[in-house]
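Note that the sequence shown covers residues 733 to 919 in our numbering.
Every residue, glycine too, gets a C-beta built ideally from N, C-alpha and C.
No experiment lies behind these values; they were computed from the predicted model shown.
Notes follow the structure.
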Amino acid sequence: LTPHQNWTNICGSFLEFLSLEFCSMSLLRSRTGWINLFWRRCLRIRLTKKKKGEYIYKKGAEAEKFSVVLSGTLSIIVCQLGIDFTVTRIEKGGQFGEYDLDEGHKRQHDIMALTDCILLRIHKDDYHPILKEAHAMEMKKKMSLFQSMPIFSNASREELLQLANVADIKRYTEELVKVLSLSLIHI
């Protein structure tokens with residue numbers, strides 16, 4: 733998996749934990765203090781609130797954090813010939829900052845909150861260890877899956893590792909599985 737896909741899985745699990753899809757913002761606010769306390773003791777992961785119009789960071793700043801948008805919308809802004817242009821928007825579930833952390837660059841653009849936002853932020857000292865652990869867990873899952881399949885019973889560990897490096901585990905909903913099953917019956 734790419735770093736982006738790994739973070740998507742990690743962040744998806746965290747969003748499930750928070751039950752953001754099912755709780756009101758007032759419930760999220762009541763959980764925010766507890767989650768900050770919990771994560772501060774484990775890692776330097778924090779929930780940060782940003783108000784509409786507030787900058788998350790500006791071009792040239794040190795790359796110190798990877799971020800996931802838990803609520804709200806952000807704007808990536810570049811300045812050309814003295815004019816600010818919005819290049820794209822980042823909405824709930826979107827993430828940013830990994831490129832600069834991976835490459836060791838300073839920030840390449842400005843990011844500003846278009847609406848009030850809540851961000852999950854991971855400090856650079858914790859970013860790579862978490863990514864490494866997530867990759868190891870994903871590889872372990874893939875290897876276990878492949879080893880349980882009779883079609884791969886004669887494959888060597890090295891062959892399974894090569895397959896695990898390029899394979900992507902897809903998660904399907906029960907409804908999609910039913911639809912796919914029905915469509916195979918009609919073939």
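Helix, strand or coil for residue i per DSSP?
i, result
"A868", "helix"
"Q894", "helix"
"R778", "strand"
"K797", "strand"
"Q840", "coil"
"A899", "coil"
"E786", "coil"
"L833", "helix"
"L877", "helix"
"L813", "coil"
For residue i and residue j, I'd like the C-alpha separation in whole angstroms.
i, j, result
"E796", "T847", "23 Å"
"F798", "L833", "7 Å"
"G836", "E907", "43 Å"
"I809", "L863", "27 Å"
"A896", "I883", "15 Å"
"E823", "I850", "11 Å"
"H860", "S876", "24 Å"
"D816", "S807", "11 Å"
"D857", "I777", "10 Å"
"K790", "Q812", "15 Å"
"A887", "G825", "38 Å"
Mind checking who residue i pairs with in its DSSP beta bridge?
i, result
"A845", "L806"
"H855", "K797"
Can you tell me which of the options puts its alpha carbon nearest to the alpha carbon of residue i?
i, options, result
"T820", "Y831, L802, H841, D832", "H841"
"A845", "E870, L802, I777, R778", "L802"
"G829", "I815, E794, T805, M869", "E794"
So residue i and residue j are supposed to be a Cβ contact under 8 Å. How far apart are they, rounded?
i, j, result
"L893", "L779", "About 37 Å; that fails the 8 Å criterion."
"I854", "I788", "In fact, because the Cβ distance is near 14 Å, the residues do not count as touching under 8 Å."
"K872", "I901", "No, K872 and I901 are not in contact; Cβ-Cβ is about 12 Å, not under 8 Å."
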